[in-house]
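Visitor: If you scroll down you'll find the structure; I have some questions about it.
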Amino acid sequence: MSPTKWEITFEGITYRCIKCGFCCSCKNWRIYLSYFDYIKLREDYSQYIEDTKGPHFHKRLKVDKRGCLLLTENNLCRIQIEKGYTYKPTMCKLFPFSFRVKWNGDLLLIIRHYCRGIRIGRCSRAMIKHAIECCEELYMDQLERIRLMGMESSTRCKLDDKEYITWEEREELGRYIFSSPNLEELCRRYIEVGDLNISREITYIRRNIENNIRYPSRSIGYLNRFTSIEREIIRYLGELNRRELFRKLPLKDELYKLINIGIEVSSYRDILQGEGVIDLKILSLY
Ligand code: SF4
Ligand code: SF4
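If you're matching positions, the sequence shown starts at 888 in our numbering and goes up one per residue.
Next comes the structure, spelled out in structure tokens:
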């Protein structure tokens, strides 16, 4: 049984690994080794491992311009070929999943939207269970410390420059706003909760979505596509609302930032590709 509470942030998103090797490119991330990864790999793969001064891990895999040095010419993992899947570093087995800490210490299981297997296959319960196990294995002796570090020390947070609310209230408000079924309702809830008029931003988002749909307007296909894209955008903003990076801002500032991310993501024909680009940007801020 899991010792911590996990919240899944990507309900409805599908995924299957298409073995493209993009995650091995280590573009904006690195593969860190848990203690047990290192014990397993140090004998046969020591030339691929280097020291790190990071706060959580002491070892990581070396990279060059192409990415991980263990990636073969035909995009396969040398460790997997030679030793089998179970031998691979836990962080590799975890990809494209990762986690963030919520203000109350609960953990958010997130999916990295820049993975190229998203929207293919499906996210089964077994897959999610495996991802949680990998997270817990990776951070086995550190999870509690990471949780405590991630938790807010204060019981109150800022609504805006003047007003304070509790973290529970902030959680509740975020949940309420981003459970909006469509953009009109999102606009109304922004005004209700944050006194923020985002009708101009909603117009931009609507225009972007309309430009990206190829079906004739007013057809059933058009309406269905519009609805699914606007829901996808609201879902993604709700996911970001729960990530701790945005919690450092007063709620109203966060809401303003999020709706502008909504405009950016809506400019992509493939919304999930847009989420991937934004996720990469966010990753570089951590
Ligand atoms: S980026 Fe995604 S689809 Fe591609 S190899 Fe990695 S996990 Fe698989
Ligand atoms: S160890 Fe294998 S799976 Fe992990 S990044 Fe390197 S090549 Fe990819």
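For glycine and all other residues, C-beta sits at the position ideal for the given N, C-alpha and C.
Identify, in the order they occur along the chain, each residue of the same chain with its Cβ nearer than 8 Å to the Cβ of Met1014, setting aside the five sequence neighbours on each side.
Guide: Tyr902.
Visitor: So is the beta-carbon of Ile966 under 7 Å away from any non-hydrogen atom of ligand 2?
Guide: For ligand 2, at least one heavy atom lies less than 7 Å from the Cβ of Ile966.
Visitor: Which residues neighbour ligand 1 when neighbourhood means a C-beta less than 6 Å away from any of its non-hydrogen atoms? List them by chain order.
Guide: Answer in sequence order: Cys904, Ile905, Lys906, Cys907, Gly908, Phe909, Cys910, Phe982, Pro983, Cys1002, Arg1003, Gly1004.
Visitor: Give a single yes or no on whether Lys946 has its beta carbon closer than 7 Å to a heavy atom of ligand 2.
Guide: No - ligand 2 has no heavy atom lying nearer than 7 Å to the Cβ of Lys946.
Visitor: Please state whether the Cβ-Cβ distance between Ile1120 and Ser1153 is less than 8 Å.
Guide: Yes, the pair counts as a contact, with Cβ atoms nearer than the cut-off.
Visitor: Excluding sequence positions up to five away, which residues of its chain have a Cβ less than 8 Å from the Cβ of Met888?
Guide: Residue confidence is low: Met888 scores 43 on pLDDT, short of 50, so the model does not pin down where it sits. No coordinate-derived value is stated.
Visitor: Excluding the five sequence neighbours on either side, which residues of its own chain have a C-beta within less than 6 Å of the C-beta of Tyr1001, listed in chain order?
Guide: Excluding positions up to five away in sequence, the list reads Gly1163, Asp1166, Leu1167.
Visitor: Leaving out the 5 sequence neighbours to the left and right, which residues in its chain are closer than 7 Å to Ile905 when beta-carbon positions are compared?
Guide: Arg1003, Gly1004, Ile1007, listed in sequence order.
Visitor: For Thr1053, collect the residues of the same chain with a Cβ closer than 7 Å to its Cβ; drop the 5 residues on either side in sequence, then sort them by chain order.
Guide: Same-chain partners within the cutoff: Thr1042, Arg1043.
Visitor: Considering only residues of the same chain and omitting the five flanking positions on each side of Leu1159, which have a CB-CB separation below 8 Å?
Guide: These residues qualify, in order along the chain: Ile900, His1000, Ile1005, Arg1006, Glu1119.
Visitor: Counting C-beta neighbours from all protein chains within 10 Å, is the total for Leu958 16 or more, i.e. buried, or is it exposed?
Guide: By the 10 Å Cβ count, Leu958 comes out buried.
Visitor: In whole angstroms, what is the alpha-carbon distance linking Asn1099 and Glu1117?
Guide: Approximately 12 Å, taken between the alpha carbons.
Visitor: Measure from the alpha carbon of Glu1088 to the alpha carbon of each residue in Ile1148, Asp1047, Leu1060, Asp951, then state which is nearest.
Guide: Taking only the C-alpha atoms, the option nearest Glu1088 is Ile1148.
Visitor: Flag this pair as touching only if the segment 1124-1134 and the segment 1074-1086 have three or more C-beta atom pairs under 8 Å; answer yes or no.
Guide: The segment 1124-1134 vs the segment 1074-1086: no contact.
Visitor: Between Leu957 and ligand 2, is there a pair consisting of the residue's CB and a ligand heavy atom that are separated by less than 7 Å?
Guide: Result yes, Cβ under 7 Å from ligand 2.
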